[in-house]
Each structure stands twice: as C-alpha cells, then as structure tokens.
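Enquirer:
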Amino acid sequence: MKITLVKKILADGSPCKKCLDVLDKLEANGHMAYIDEILTADERDANSPGMLLAAQLEVNRAPFFVVEIDNEEALVYTVYLKFVRDILEQKTDAADEATEILSNNPDLDFL
1 MKITLVKKIL
11 ADGSPCKKCL
21 DVLDKLEANG
31 HMAYIDEILT
41 ADERDANSPG
51 MLLAAQLEVN
61 RAPFFVVEID
71 NEEALVYTVY
81 LKFVRDILEQ
91 KTDAADEATE
101 ILSNNPDLDF
111 L
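Just so we're aligned: the sequence shown equals residues 1 to 111 in the UniProt record's numbering.
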C-alpha cells in the first residue's frame, strides 16, 4: 500500500490552514509514519506535482489522500477522519466526522 498526501499552497504563497490542521493531527496521532509521499499543490504553479495529481484525479479540495493498493484503482479521500477510519483503522467520533463533512461542504446544512 502507498499513501500520498496532497497539501496546498494558496495563490498568495501561504499554506492552506486545513492542510496544516491535518498535518498536525497526523503528527499528534502518530499517523505520519503511514504517509509514503507528500506532494504540494501550489496554486501559483499549475504544473506542481500536487496540482497535476489533483487534475488527473479530478479532486478540487485539499488536503486529500491517495491510497494505492497493489493493482487496484486508487482510492481518494478528501475527508481526514474518513481516511483515518477506513485506511488507518482508527476510531473516530461520528460527530467529528459530520462536522468535518459540513465544513468541507458549505452548501450542506442540517435538516
């Protein structure tokens, strides 16, 4: 299995806040050891490795994870807690996951 993390640099050159938050969580929970590669999607450079991968996989948000298992189709995760639950097999709180999904999708709202 190969896990790639794609983080973003904004057009003004600053790092993506959500990306920094996810990196902090990975470090704090000891999950960085599972990340094989970190690519940067630099909004100032359409040819940066992360931007090319995002375009190839049709992903429009960062950070995201690409999980490659043998010859299977790559899995893409844009929700950190779902990635942890599904791939790293860690328990996450359903409320935390729902909050992250809502924050990633401002067009959604509670019913």
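Here a beta-carbon is modelled for each residue, glycine too, at the ideal position from N, C-alpha and C.
1. For Q90, collect the residues of the same chain with a Cβ closer than 6 Å to its Cβ; drop the 5 residues on either side in sequence, then sort them by chain order.
2. Applying the criterion that 16 or more other CB atoms from any shown protein chain within 10 Å of the CB defines a buried residue, is M51 buried or exposed?
3. So for Q90, helix, strand or coil by DSSP?
4. Closer than 7 Å to a non-hydrogen atom of the ligand SAH - does that hold for the CB of E68?
5. Buried or exposed: where does I69 fall if 16 or more other Cβ atoms within 10 Å of its Cβ makes it buried?
6. Going by Cα to Cα distance, which pick from N71, A41, N47, S48 is closest to F64?
7. Once you ignore the five residues that flank A74 on each side, which residues in its own chain have a CB closer than 6 Å to its CB?
8. Is it buried or exposed for K17, if we count other Cβ within 10 angstroms and need 16 for buried?
9. Can you tell me which residues form a DSSP beta bridge with D42?
10. Select from L10, T4, R44, P15 the residue whose C-alpha is nearest the C-alpha of A33.
Expert: Concretely, from the data shown:
1. Because the pLDDT of Q90 is 49, which lies under 50, any placement of that residue in the model is unreliable, and the number read from its coordinates should be weighed accordingly. Within the same chain, Q90 has close Cβ partners V84.
2. buried
3. Legend: pLDDT at Q90 = 49, less than 50; position of this residue unreliable, no value from coordinates given.
4. Inclusion of the ligand SAH in the displayed structure is not the case, the ligand content being empty and no account of it being possible.
5. exposed
6. A41
7. V66, E68
8. exposed
9. I9
10. T4
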